[in-house]
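Below is one structure, written out as structure tokens, with a few remarks after it.
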Amino acid sequence: MRIVRTVQAMRHERAQWTGAVGLVPTMGYLHEGHLSLMRRARAEQEKVIVSIFINPTQFGPHEDLATYPRDIERDLHLLESLGVDAVFLPSASEMYPQGFTTYVVPTGPLVEQGEGEIRPGHYRGVATIVLKLFQIAQPQTAYFGQKDAQQVAVIQRMIRDFNLPIELAIMPTIREANGLAMSSRNSYLTSTERRQTAVLYRALQAGQQVCQQAMPADAQAVREAMQAVVASEPEVTVSYAEIRDPETFFPLTTVQAPALLLIAAQVGSIRLIDNFALHTDGTWDTGVIIAEERKADA
Numbered sequence: 575m576r577i578v579r580t581v582q583a584m585r586h587e588r589a590q591w592t593g594a595v596g597l598v599p600t601m602g603y604l605h606e607g608h609l610s611l612m613r614r615a616r617a618e619q620e621k622v623i624v625s626i627f628i629n630p631t632q633f634g635p636h637e638d639l640a641t642y643p644r645d646i647e648r649d650l651h652l653l654e655s656l657g658v659d660a661v662f663l664p665s666a667s668e669m670y671p672q673g674f675t676t677y678v679v680p681t682g683p684l685v686e687q688g689e690g691e692i693r694p695g696h697y698r699g700v701a702t703i704v705l706k707l708f709q710i711a712q713p714q715t716a717y718f719g720q721k722d723a724q725q726v727a728v729i730q731r732m733i734r735d736f737n738l739p740i741e742l743a744i745m746p747t748i749r750e751a752n753g754l755a756m757s758s759r760n761s762y763l764t765s766t767e768r769r770q771t772a773v774l775y776r777a778l779q780a781g782q783q784v785c786q787q788a789m790p791a792d793a794q795a796v797r798e799a800m801q802a803v804v805a806s807e808p809e810v811t812v813s814y815a816e817i818r819d820p821e822t823f824f825p826l827t828t829v830q831a832p833a834l835l836l837i838a839a840q841v842g843s844i845r846l847i848d849n850f851a852l853h854t855d856g857t858w859d860t861g862v863i864i865a866e867e868r869k870a871d872a
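Residues 575 to 872, numbered by this note's numbering, are exactly what the sequence shown covers, in order.
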């Protein structure tokens with residue numbers, strides 16, 4: 575496994591390869607959700623690149639850039655055990671050198687609501703770094719998780735708008751035993767808070783049940799069902815519980831395929847997001863619960 579720290583070296587490494595290349599962009603502190611993307615990439619592609627870069631431009635001024643969890647040594651051990659071909663591990667100054675002024679700025683309803691409304695500038699940072707990684711790694715396929723559904727929609731839109739020759743492979747959300755969607759930030763949670771987070775998964779299940787009783791379903795009824803469940807856990811504060819179109823993120827008044835049931839909440843000092851996806855064929859993607867996180871370094 576090659577560890578590459580500069581753009582020039584990554585381009586040189588990539589130029590030596592023939593055949594299909596998969597890219598898995600991450601910010602490190604890897605968990606089973608990340609590893610599921612890498613296993614899929616390893617099974618499908620001749621070469622796999624994983625990037626680890628805590629992207630400063632997608633963090634707001636009062637967010638956790640300085641304290642975002644890090645464990646590079648453990649991450650590299652996991653990646654080597656999975657047979658990753660190259661790890662791109664640049665510094666902030668490598669990706670944003672002095673004088674950097676060019677950003678990708680998504681506009682319109684897709685980034686004006688949900689996470690885009692709550693975290694102004696977040697998707698400018700996401701789109702900019704993802705486009706840079708695409709240009710550097712030149713993958714045929716990039717792998718992302720369903721948990722960050724709005725991010726997926728933003729990247730899909732960018733790929734279409736810029737005519738990028740890249741396919742996205744979207745993998746189901748990997749969940750802890752209580753249904754909590756895996757995230758690097760889950761490491762911030764206390765044991766009590768971790769138990770409380772189970773209410774988010776139950777809320778999405780309640781919304782799904784309303785949809786399954788009669789389709790098309792009334793979006794307000796679905797929203798109220800989700801909010802009622804979260805209200806049973808007073809230490810969890812809902813930011814939003816919404817039903818939206820998965821491509822445009824327009825709010826839906828009736829729920830029929832395709833649709834996203836979205837929830838975001840504050841648990842202690844941590845903000846968590848989650849979703850269930852109703853696909854065009856009528857099937858649901860609710861994620862995959864695993865009894866405990868596999869430990870490649872156990």
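Don't be surprised by glycine CBs; every beta carbon is placed ideally from N, CA and C.
Check	Outcome
Rounded separation between Thr702 and Glu606 - CA only	26 Å
Whether Arg644 touches Tyr670 by CB criterion (9 Å)	no
Minimum C-alpha distance to Leu663 - residue among Leu639, Gly682 and Phe627	Phe627
Span of the alpha helix (DSSP H), counted from its first residue to its last, around Glu654	Ile646 to Ser655
Pairwise C-alpha distance: Leu597 and Ile710	10 Å
Between the CA atoms of Arg613 and Arg588 - distance to the nearest angstrom	20 Å
Whole-angstrom distance between Lys721 and Ser610, CA atom to CA atom	13 Å
Separation of Thr675 from Val704, as counted between CA atoms	16 Å
Beta-ladder partner(s) of Tyr717, from DSSP	Ala743
Among Ile744, Gln712, Thr715 and Leu738, the one whose alpha carbon lies nearest that of Ala727	Ile744
For Ser655, the nearest candidate out of Leu684, Ile847 and Arg616 (CA to CA)	Arg616
Distance between beta carbons of Leu835 and Gln794, contact taken as under 8 Å	Rounded, the Cβ-Cβ distance is 13 Å, inconsistent with contact.
Beta-carbon contacts of Arg693 that lie in its chain and below 7 Å, excluding the five residues immediately before and after	Gly634
Neighbour flag for Lys621 against chain C, beta carbons, 9 Å	Looking at the structure shown, chain C is missing, and only one protein chain is on hand.
Gln886 vs Ala791 beta-carbon contact at 9 Å	Here the chain has residues from 575 to 872 only, and residue 886 is not among them.
Length of the line joining the Cα atoms of Thr600 and Ala788	39 Å
Cβ-Cβ distance between Gln850 and Thr860 below 9 Å	One detail in the question is off: residue 850 reads as Phe in this sequence, not Gln. The answer is yes: Cβ separation under 9 Å.
Close beta carbons around Tyr814, own chain, < 6 Å, minus the five adjacent residues each side	Ala838
Spatially closest choice to Ile864 from Ile748, Pro808 and Ala833, by CA coordinates	Ile748
Glu689 burial status per 10 Å Cβ neighbour count (16 or more: buried)	buried
For Gly682, the three-state DSSP class (helix, strand or coil)	coil
Those residues which DSSP pairs with Val598 across a bridge	Val624
Ala847, enclosing beta strand (DSSP E) - first and last residue	Note that residue 847 is Ile in the sequence shown, not Ala. Element bounds for Ile847: Ile844 to Leu852.
Bridge-paired residues (DSSP) for Arg749	Ala755 and Ile863
Close beta carbons around Gly593, own chain, < 6 Å, minus the five adjacent residues each side	Glu620
DSSP bridge partner residues for Thr828 (one or two, in chain order)	Asp792
Spatial neighbours of Ala780 in its chain, beta-carbon cut-off 8 Å, leaving aside the 5 residues before and after	Ala799, Met800, Ala802 and Val803
Terminal residues of the alpha helix (DSSP H) in which Thr766 lies	Ser765 to Gln770
Proximal residues to Val622 (C-beta, below 6 Å), its chain only, five neighbours per side dropped	Gly596, Ala615, Arg616, Val658 and Asp659
Short Cβ contact (9 Å threshold) for Ile844 with Arg769	no
Bridge partners - Glu816, DSSP secondary structure assignment	Leu836
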